[in-house]
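Novice: Structure in structure tokens, see below.
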Amino acid sequence: KQEVTQIPAALSVPEGENLVLNCSFTDSAIYNLQWFRQDPGKGLTSLLLIQSSQREQTSGRLNASLDKSSGRSTLYIAASQPGDSATYLCAGGFNQAGTALIFGKGTTLSVSS
Amino acid sequence: DVKVTQSSRYLVKRTGEKVFLECVQDMDHENMFWYRQDPGLGLRLIYFSYDVKMKEKGDIPEGYSVSREKKERFSLILESASTNQTSMYLCASSLRFEQFFGPGTRLTVL
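Protein sequence lines correspond, in order, to chains A and B.
Take our numbering: the final residue in the first sequence is number 157, and no numbers are missing along the way.
Take our numbering: the final residue in the second sequence is number 111, and no numbers are missing along the way.
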């Protein structure tokens, strides 16, 4: 059974720090890995999508990597800001049709000013 | 810009009522999904649809049904609401791999 795990469940950092969020998955036959942000009581906002043929994707201060052989993805946030405080979820896509997304339970990030 | 909308942000219903949750996307996406999100359990897939009138059960379809009569609209139906269906319901759509989510509906069943 495919599983996606995010550790730690919560993380607190001071403003300005660079940080890495971790995501691991059990099935190396992954088609894609998507990172989301969720603010309290809201829906999910797509941040980055990495296809299995790619190693990383970048958007602004965010950089996501995918290592299929080790079963890991990381989301790097540079120069963190209080506005980055949210829950970050990763989700692995395990079929070609894109209809089987398995979610981790998220890491709740708190950035203090 | 990608847009997925859900009919209500907050909904309060009574046990036994029939409940309709509506989702509309304006991106001409083939796939649409309904999830529920609960503390400690994460997101769980209820149903998805890969075309008009086509549907597939997800991980937790019991107590739910769905309808997709038009490509842009996907409805989740709780035939007889129960208190254990109190949850955050999230709709999403995708063309291939990237899923885009709506704002969510917080449903409370009393």
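Every residue gets a Cβ at the ideal spot worked out from N, C-alpha and C, and that includes glycine.
These numbers were taken from a predicted model, which means no experiment stands behind them.
With 7 angstroms set as the bound, which would you pick, yes or no: does the beta-carbon of Phe138(A) sit closer than that to a beta-carbon of chain C?
Specialist: Checking the listed chains, one finds no chain C in this structure; the protein chains it contains are A and B.
Novice: Gln7(B) and Thr109(B) - do their beta-carbons sit closer together than 7 angstroms?
Specialist: no
Novice: In this structure, how does DSSP classify Pro126(A) when only helix, strand and coil are distinguished?
Specialist: helix
Novice: List, in chain order, every chain B residue whose beta-carbon is nearer than 8 angstroms to that of Gln78(A).
Specialist: Neighbours of Gln78(A) on chain B, chain order: Phe98, Glu99, Gln100.
Novice: Going by DSSP in three states, Gln50(A) sits in which element: helix, strand or coil?
Specialist: coil
Novice: Say whether chain A places a C-beta atom closer than 7 angstroms to the C-beta of Leu12(B).
Specialist: no
Novice: Under 7 angstroms between beta-carbons, which chain B residues line up against Leu93(A)? List them in chain order, please.
Specialist: Phe98, Glu99
Novice: Determine contact between the stretch 63 to 74 of chain B and the stretch 56 to 76 of chain A, defined as no fewer than three beta-carbon pairs at a distance below 8 angstroms.
Specialist: no
Novice: Take the Cβ of Gly142(A) as the centre, count every other Cβ of all protein chains shown within 10 Å, and call the residue buried at 16 or more, exposed below.
Specialist: buried
Novice: In angstroms with no decimal places, state the Cα-to-Cα distance between Gln140(A) and Gly43(B).
Specialist: 23 angstroms
Novice: Determine whether the Cβ of Ser156(A) lies closer than 7 angstroms to any Cβ atom of chain B.
Specialist: no
Novice: Return helix, strand or coil for Gln140(A), following the three-state DSSP convention.
Specialist: Correct three-state label for Gln140(A): coil.
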